[in-house]
């Protein structure tokens, strides 16, 4: 789908300036414990699946929707695994700048066959967690947190 219509409307008046936006990531596992990844059309790099919630959309619904839109896999969001303000803005090829507050969900695949389902991905596929393609440190961290049991991870407040 690319840039949501509501972001295009904001950009019409805000220009390319930095926007602070919510982002949702989905770490999807199949019954064999493999993780679903997509190779992004904008960067050519492998990543966990993610996107921006529509106004009023629940984050878990965003995770499930984005996974289906990008990969044709149906999934169920099981739990929040981390919440983190990403430290660096993303600058897109057109000059737009965004910084994201990421909410990552552990998801379970429940149907569909993995395949490119929109223009945001070049490839999609299932990977054993011990044989992942090259990923960013943040993608690896999200996968690690999704595999771990326990409460959601967040950056603790620094006590002064």
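Residue numbers (my numbering): 410 to 569. Glycine residues also receive a C-beta, built at the ideal position from the N, C-alpha and C atoms. None of the values given here were measured: they were computed from a predicted structure.
Whole-angstrom distance between residue 522 and residue 509, CA atom to CA atom: Spanning the two alpha carbons is a distance of roughly 29 Å.
Exposed unless 16 or more other CB atoms sit within 10 angstroms - verdict on residue 467: By the 10 Å Cβ count, residue 467 comes out exposed.
Supposed close pair residue 457, residue 552 - CB separation, criterion 8 Å: That pair is a contact at about 7 Å.
Entirely enclosed alpha helix (DSSP H) segments - the stretch 414-492, minimum 4 residues: 414-423, 468-480, all fully within the stretch 414-492.
Alpha-carbon to alpha-carbon, residue 554 and residue 544: Our two residues, residue 544 and residue 554, have alpha carbons roughly 15 Å apart in a direct line.
N-terminal and C-terminal residue of the beta strand (DSSP E) that residue 513 is part of: For residue 513, the enclosing beta strand (DSSP E) covers residues 506-520.
Classification of residue 504 by the beta-carbon crowding that lies within 10 angstroms, buried from 16 upward: Exposed.
Alpha-carbon spacing of residue 433 relative to residue 486, whole angstroms: CA-to-CA, the gap between residue 433 and residue 486 works out to about 11 Å.
Nearest-angstrom Cα separation, counted from residue 567 out to residue 454: For the pair residue 454 and residue 567, the Cα-to-Cα distance works out to about 33 Å.
For residue 443 and residue 428, the rounded distance between their alpha carbons: Straight-line Cα distance between these residues: approximately 34 Å.
Whether residue 484 touches residue 476 by CB criterion (8 Å): Contact check for residue 484 against residue 476 passes: the beta carbons are separated by less than 8 Å.
Local conformation of residue 540 per DSSP, three classes: In the structure shown, residue 540 sits in coil (DSSP, three-state: anything other than H, G, I, E or B).
Expected contact under 8 Å - CB spacing of residue 558 and residue 450 to nearest Å: Incorrect: roughly 34 Å between the Cβ atoms, too far for contact.
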